[in-house]
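The sequence shown begins at 26 in the working numbering and counts up by one.
No residue lacks a Cβ here, since even glycine has one placed at the ideal position from N, Cα and C.
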Amino acid sequence: MKVLRQTMVKKGFAYFTLFLVAMIAVVPLVDVLFRSPASQLPSLWVRGLNFVAWSMVATFLLWRLETRKSLLSLARDLGIDTTRLPLERMLSRVLSEVERKNRSLSMNVLERRISSEKELSDTLEHVVELARQLLGAQSSELALYDPDTQLYHSSFVVGKPFRTSAQAMLSGAVEGRVEKSSPDVMVEPIAFAGSVLGSLRVALRSGEAPSQSDRQIMRLLALQSGLAIVNTRYTQQLIRLKAASEESIKAKTGFLANLSHELRGPLGIMLNAVELVLDGLCGSVTEEQAETLSMIRTNGEHLLELINDVLDYAKIESGKIVPHRSDILLHEILKDLCGVVRQQAEGKSHRLVYVPNDEALAISCDRRHFRQMMINLLTNAIKYTPDGGTIEVWAERIPGQKVRINVKDSGVGIEASERSKVFSAFERVENSYSLVQEGSGLGMPLTKRLAEVNGGQINFDSVPQQGSRFWLIFPSIQATSDMARGESEQPREERDAEGKGNTVLLVQRADDERGMVARYMNHIGFRIVLASNKLEALEALRNEPVDLIFLDNNVVDSPEDDLVKDIREGSPKNLPVILVTTRAFIFDIEKYLKGGIDRCLIKPVKLRELGTTCRQLIDGNFSGEVIDSAELELSKRQKRLKTPASKLLGVDDILH
């Protein structure tokens with residue numbers, strides 16, 4: 026286009042020069058023809074004018090020659106045949122060809138995301154129509170190639186139909202060559218990365234031979250068509266892969282969730298049965314029996330921790346976990362966490378050292394997640410350090426307004442070749458000491474994911490046979506005195522609630538667990554009314570007043586029943602309803618939350634916790650957490666649940 030602009034300027038200047046020369050040259054002629062004694066021009070003046078005029082003529086001819094050379098060069102670049110064309114027609118032809126090429130280039134499919142067959146069809150139809158217009162053709166056709174059948178299909182045709190089929194005429198394009206045909210028909214293969222996708226052919230007007238410029242336009246249109254086809258195929262493939270990946274994650278999450286659901290029920294019965302016996306509800310217990318039962322309870326709780334690790338990992342993998350961040354003062358929580366694991370460390374004769382920092386350091390993180398991450402790091406350090414080792418814990422400020430929390434041990438260390446396994450799910454570092462340690466292989470992967478969802482990171486360094494140092498890094502926040510409140514992680518003393526003769530409707534199938542719950546609730550002073558199904562529950566509500574309803578998910582899980590809704594409709598609005606379930610995902614129990622339950626507990630539930638919750642709900646002073654606000658926003662877009670304003674709806678273990 027720059028050359029064309031220069032050519033137009035030269036042409037205008039040349040015509041102006043010609044006009045000026047004509048005016049100058051005519052003056053001497055007029056003087057000669059109409060000479061009069063009074064107006065005779067000096068002979069020198071006449072000769073001067075003629076010299077100037079002929080100089081101008083020479084200049085004009087030189088400019089015209091230069092302009093023609095420029096146009097010829099541009100025409101050759103464009104593949105235009107301009108043999109024996111006048112300058113004006115040559116310029117018009119060049120301008121026309123440039124416009125054609127610009128139109129063929131203007132359809133840039135690289136800037137478009139063609140994701141559907143409809144969009145691809147519209148694009149290819151536009152290509153075919155554009156080919157007919159730009160080449161002034163009688164007809165144009167785009168045929169797609171099917172590699173499975175090795176056949177062409179005339180998918181898009183504009184104008185007069187071709188006399189020969191696409192398959193017969195275009196078969197040569199499979200080998201990537203332009204098929205020779207009649208002189209007025211052009212064929213261009215559509216290919217990408219060596220794979221034939223189709224062919225584009227155009228029939229010119231009868232007797233009109235294609236120029237080199239025509240062939241260049243055909244190649245451009247074929248390239249655009251190929252890009253459009255590849256764009257669509259790869260986009261659709263990505264969509265399919267994404268859907269398959271999501272389906273795989275969903276299936277894996279469902280399997281892990283179902284596995285944990287199946288384990289939670291029997292585990293809850295076992296732990297609560299041990300608790301009943303230790304509390305003396307089944308008769309007196311000797312010291313040896315109590316020791317054995319305590320061992321059963323300890324290992325049962327360890328099994329529960331493994332199940333929770335699997336479940337938490339499944340939640341993170343499915344994107345169903347969202348952190349509920351709060352400000353954490355590190356000094357207090359690290360000191361308390363060291364106290365939590367100190368007994369375990371002393372059991373292996375370890376020296377557990379917490380090194381406080383002179384500066385008050387604080388971070389913003391989900392408190393439960395931070396506790397879980399640190400417990401994983403501390404128990405791993407204890408576990409993988411042979412007896413008599415040293416574990417050190419400290420926090421420090423690092424550049425970039427960040428805080429690093431370190432856990433260092435003098436254990437067996439990790440070989441460089443084993444580093445990749447540390448944060449991989451279900452992987453174990455292979456050395457003789459590590460392989461005999463208990464664990465699910467999910468502690469460190471879970472810790473890494475929890476750190477990431479809370480805006481932090483985790484890493485480590487290690488020297489074999491000398492020990493390892495793991496650290497968490499989080500953005501630092503300003504520490505305040507208010508953060509020290511409520512930091513203690515020490516367990517509070519648990520006491521049995523008092524039933525005070527209040528009536529509880531226990532809706533649960535007749536099994537060992539129901540009998541155990543009923544025995545405990547009677548023991549602490551509640552009056553228990555039993556129901557095994559929906560009909561018995563509604564009948565009990567009609568026959569006598571109750572103060573609280575206890576539902577088990579094995580009764581309400583039937584899809585055709587909506588027991589929670591029916592209970593709400595047939596009972597006082599302020600009647601508390603508790604749901605106990607093995608389902609740990611919010612989407613499993615969402616309909617019950619919408620129905621208006623006041624509390625949801627995830628099995629296994631300690632009997633003391635159950636009694637305390639019943640007492641608080643009946644008294645109207647329940648102070649437990651509502652369902653995690655972050656999870657509620659994620660799943661229900663902050664939709665408020667219709668429950669009595671005087672009570673709190675809580676699911677303190679779901680997804681948090």
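Just so you know, the alpha carbons of Leu-566 and Arg-544 end up roughly 21 Å apart. Using a Cβ distance threshold of 9 Å, Lys-433 and Ser-493 count as a contacting pair. Cβ atoms of Ala-216 and Leu-222 come within 8 Å of each other, at about 6 Å. Beta-carbon to beta-carbon, Gly-184 and Arg-230 are separated by about 11 Å, too far to satisfy the 8 Å threshold. In this structure, Ile-341 is the residue among Glu-634, Ile-603, Leu-530 and Ile-341 with its C-alpha nearest to the C-alpha of Thr-278. In the three-state reduction of the DSSP assignment, Val-380 falls in the strand class, which pools E and B. According to DSSP, Phe-485 shares a beta bridge with Phe-495.
Taking Asp-486 as the centre and dropping the five residues before and after it, the same chain places the C-beta of Arg-494 closer than 6 Å to its C-beta, in chain order.
With 16 or more other CB atoms across the displayed protein chains lying within 10 angstroms of its CB, Ile-622 is buried.
From the listed residues Ser-501, Arg-520, Phe-575 and Lys-446, the smallest Cα separation to Arg-534 is found for Phe-575. Exposed is the label assigned to Cys-307, since fewer than 16 other Cβ atoms lie within 10 Å of its Cβ. Residue environment analysis places Ala-269 among the exposed positions, since fewer than 16 neighbouring C-beta atoms fall within 10 angstroms of its C-beta. For Glu-357 and Thr-505, the gap between their C-alpha atoms comes out near 13 Å. Here the alpha carbons of Pro-172 and Ala-218 stand approximately 15 Å from one another. With a contact defined as Cβ atoms closer than 8 Å, Met-398 and Leu-329 miss out at about 19 Å.
The closest CA to that of Asn-431, considering only Val-447, Asn-401 and Gly-425, is found on Asn-401. Under the three-pair Cβ rule at 8 Å, the region 591 to 604 counts as touching the region 555 to 571. Per DSSP, reduced to three states, the secondary structure at Glu-569 is coil, with no helix or strand assignment. In the three-state reduction of the DSSP assignment, Leu-222 falls in the strand class. The beta carbons of Ala-522 and Thr-637 sit about 5 Å from each other, so the pair counts as a contact at 8 Å. The DSSP-derived three-state label of His-327 is helix. Of the candidates Arg-520, Gly-540 and Phe-647, the residue whose Cα lies closest to the Cα of Arg-633 is Arg-520. Ser-180 and Val-589 have their C-alpha atoms spaced approximately 58 Å apart.
Contact check for Asn-382 against Arg-422 passes: the beta carbons are separated by less than 9 Å. Contact annotation: Leu-467 and Tyr-379 have beta-carbon atoms that are not nearer than 9 Å. For secondary structure counted as the beta strand (DSSP E) over 3 or more consecutive residues, the region 390 to 451 holds these complete runs in sequence order: 415 to 423 and 427 to 434. Between the region 436 to 452 and the region 293 to 308, the count of C-beta pairs closer than 8 Å stays below three; the two stretches do not touch.
Around the C-beta of Leu-86, fewer than 16 other C-beta atoms lie within 10 Å, and the residue is accordingly described as exposed. The criterion of a C-beta distance shorter than 9 Å is satisfied by Val-152 and Ala-253.
Annotation for Asp-171: no alpha helix (DSSP H) segment contains it, though the beta strand (DSSP E) segment containing it runs 164 to 171.
Asp-623 sits in coil when the DSSP states are folded into three classes, being neither helix nor strand. Taking Ser-80 as the centre and dropping the five residues before and after it, the same chain places no C-beta closer than 7 Å to its C-beta.
Relative to the Cα of Val-605, the nearest Cα in the group Lys-631, Ala-83 and Asp-352 belongs to Lys-631. In the DSSP annotation of this structure, the continuous segment of the alpha helix (DSSP H) that includes Pro-470 starts and ends at 468 to 478. Annotated three-state conformation of Arg-520 is coil, per DSSP. If you compare the alpha carbons of Gln-163, Thr-174, Asn-256 and Leu-90 with that of Pro-186, the shortest gap goes to Gln-163.
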